[in-house]
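Read through the structure below, which is laid out as structure tokens, and then see the notes.
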Amino acid sequence: VADAVAARKRKRAAREAALAKRSKSARHDSAAVPKSDGVFVGYQKRDRSKPKPARDADRGSEDGEDGLSSDAEETATTRAPITLAVPFELTLSAAHALFLRGDKTGASRLLDEILQHSARDSGLEKNQQASFLYLKAHVASAGGDFRAAAEAAKLLCERVPKSMEAWSLHLAAAERAEGRTASTVFLRACVRSDREERAREAREMAEDEETEKTEKETDSRGMPTETLTNDVSATKSDLRGGSKARAPALLASGLAHCARGAWGRAANAFARCFLIAPDEPIVCLCAAVAAAHLATESDELDDETENATERCAAAVKAAAFFQRARFLRAQCSPTSAGEQEGDYNLARGLHQMGLPHLAVPLYEKVLDRQKHADVPVSASLAFEAAHNLALIYKNAGAAALARDVLRTHATV
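Position one of the sequence shown corresponds to residue 1 (the UniProt record's numbering), numbered consecutively onward.
Here is the structure:
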């Protein structure tokens, strides 16, 4: 016992001597550094290119860790930043392979181990971390954990707010999660993304106006009117193109309201999205569907005249959006499949709103084989149009016409 006590005292004395030597050298180095001439008395300049000196170990823990050397203590106090031990592509491929093999637990464990660290600690870039979050959302959805999938998709939307696929994944997971918390979080994420994009656009617009004002003040010779007009139009087009970044969040918000049956809020969201991206067929189609449901919903108002007026206005808006979607879809399709799809959507909307006499000629245009001969069978809507047209004939009492349509266009 006496020998052990003596050995402990010798170790403590050696450690205190090392600490005293270190503190003495630190005081010597600080004395060599020139003092600042500023108003803060006692402030000393430090060369920030050199690493900070490690903190001294806690003296209270020395008695309990006598078996460890001073070098081991210094190593324990300064931890290296966490980095991935393997390349990004190999890690992602391994997690994807586990997911495809059906080992959802192994894939989820590997992804959780990577995503538990921040991007700064793990060394991942923004798009690399988004790839892991995208795979994590799919793995959680396949495993039935829709709440975890919604959380991963939410983080994915924060990193890539311009991706419609990310918002669709978040919406699908939020709708299938238990309770209304996930759906509420999704709608809040949509609102927050829209607000951030609007703030960014406002800052860019203010910067552009300030730049234009500065250029006008500095240019003493003036500028031709034609050139100035072209520059202003280019600036507006650039701002309009940049504002399309808000479209995915607004479109996803409208789809979430459609899933809840809130057609009024959905129509408002789609209308705002149409102001941002009027040349997108999917935006026009979603706005048309929401307006058609709003025109045919069964809630009653106190004033029947006001109710009828609102329904008529919604029906007109739906028809206009359907026609706009048909025009845009026909432009972006190399075959007549886009025109056929637009005719079918317009006919289906008129059919739903109780206007079958307007839907019949459109269904017949869809069934025109000579006009749509270049449309492949897998993409043709002839079967759906024949079924709906037969229903109209049957409800009108023309059973023979209904059978003839089905026999001609819906026979396998």
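We put the beta carbon where it would ideally sit given N, CA and C, even for glycine.
Since this is a predicted model, take the numbers as computed values, not measurements.
Could you round the C-beta distance between residue i and residue j to whole angstroms and report it? I think they count as a contact, below 8 Å.
{"i": "ALA359", "j": "PHE321", "result": "About 16 Å separates the two Cβ atoms, so there is no contact after all."}
{"i": "ALA119", "j": "GLN129", "result": "5 Å"}
{"i": "LYS136", "j": "ALA152", "result": "4 Å"}
{"i": "THR296", "j": "MET353", "result": "6 Å"}
{"i": "ASN345", "j": "TYR363", "result": "Contact doesn't hold; Cβ gap of about 12 Å is too wide."}
{"i": "ALA402", "j": "ALA385", "result": "Actually they are not in contact, since the Cβ atoms of ALA402 and ALA385 sit about 13 Å apart, beyond 8 Å."}
{"i": "ALA318", "j": "ALA347", "result": "Wrong, their Cβ atoms sit about 12 Å apart, outside the cutoff."}
{"i": "ALA256", "j": "PHE186", "result": "6 Å"}
{"i": "ILE276", "j": "LYS244", "result": "6 Å"}
{"i": "LEU250", "j": "ALA269", "result": "5 Å"}
{"i": "CYS258", "j": "ALA266", "result": "5 Å"}
{"i": "ALA252", "j": "SER168", "result": "7 Å"}
From the DSSP output, in three-state form, read off residue i for me.
{"i": "GLY349", "result": "helix"}
{"i": "GLU341", "result": "helix"}
{"i": "VAL366", "result": "helix"}
{"i": "VAL160", "result": "coil"}
{"i": "VAL375", "result": "coil"}
{"i": "HIS117", "result": "coil"}
{"i": "GLU384", "result": "helix"}
{"i": "residue 417", "result": "This structure leaves residue 417 out entirely; the chain is present only between 1 and 412."}
{"i": "SER168", "result": "helix"}
{"i": "ASN395", "result": "helix"}
{"i": "CYS258", "result": "helix"}
{"i": "GLY354", "result": "coil"}
{"i": "VAL191", "result": "helix"}
{"i": "PRO334", "result": "coil"}
{"i": "GLY106", "result": "helix"}
{"i": "GLU297", "result": "coil"}
{"i": "ASP112", "result": "helix"}
{"i": "VAL412", "result": "coil"}
{"i": "GLY143", "result": "coil"}
{"i": "LEU406", "result": "helix"}
{"i": "LEU124", "result": "coil"}
{"i": "ALA173", "result": "helix"}
{"i": "ARG180", "result": "coil"}
{"i": "PRO361", "result": "helix"}
{"i": "PRO87", "result": "coil"}
The ligand ATP heavy atoms versus the CB of residue i: any closer than 8 Å?
{"i": "SER141", "result": "Questions concerning the ligand ATP fall outside what the structure shown contains, since it holds no ligand whatsoever."}
According to the neighbour-count rule (16 or more other Cβ atoms, all chains shown, within 10 Å of its Cβ), is residue i buried or exposed?
{"i": "GLU207", "result": "exposed"}
{"i": "SER131", "result": "buried"}
{"i": "GLY338", "result": "buried"}
{"i": "GLY254", "result": "buried"}
{"i": "PRO334", "result": "exposed"}
{"i": "ASP66", "result": "Here ASP66 scores only 46 on pLDDT, less than 50, and its place in the model should not be relied on; the value that follows carries that caveat. Classification for ASP66: exposed."}
{"i": "VAL377", "result": "exposed"}
{"i": "residue 426", "result": "Here the chain covers residues 1 to 412 and nothing more, so residue 426 does not appear."}
{"i": "GLU89", "result": "exposed"}
{"i": "GLN340", "result": "buried"}
{"i": "ASP343", "result": "buried"}
{"i": "GLY349", "result": "buried"}
{"i": "VAL316", "result": "exposed"}
{"i": "VAL366", "result": "buried"}
{"i": "LYS236", "result": "In this predicted model, LYS236 has a pLDDT of only 44, less than 50, meaning its place in the structure is not dependable; the value taken from the coordinates is given anyway. By the 10 Å Cβ count, LYS236 comes out exposed."}
{"i": "HIS357", "result": "exposed"}
{"i": "LYS154", "result": "buried"}
{"i": "ASP194", "result": "buried"}
{"i": "VAL33", "result": "At VAL33 the pLDDT is 47, less than 50, meaning the model places this residue with poor confidence; the figure from the coordinates comes in the next sentence. By the neighbour-count rule (16 or more Cβ atoms within 10 Å), VAL33 is not buried but exposed."}
{"i": "residue 420", "result": "Nothing in the structure corresponds to residue 420, since the chain is present only between 1 and 412."}
Under 8 Å: do the segment 388-397 and the segment 369-379 share three or more Cβ pairs, one atom per stretch? no
Within 8 Å, do at least three Cβ pairs link the segment 199-218 to the segment 165-174? no
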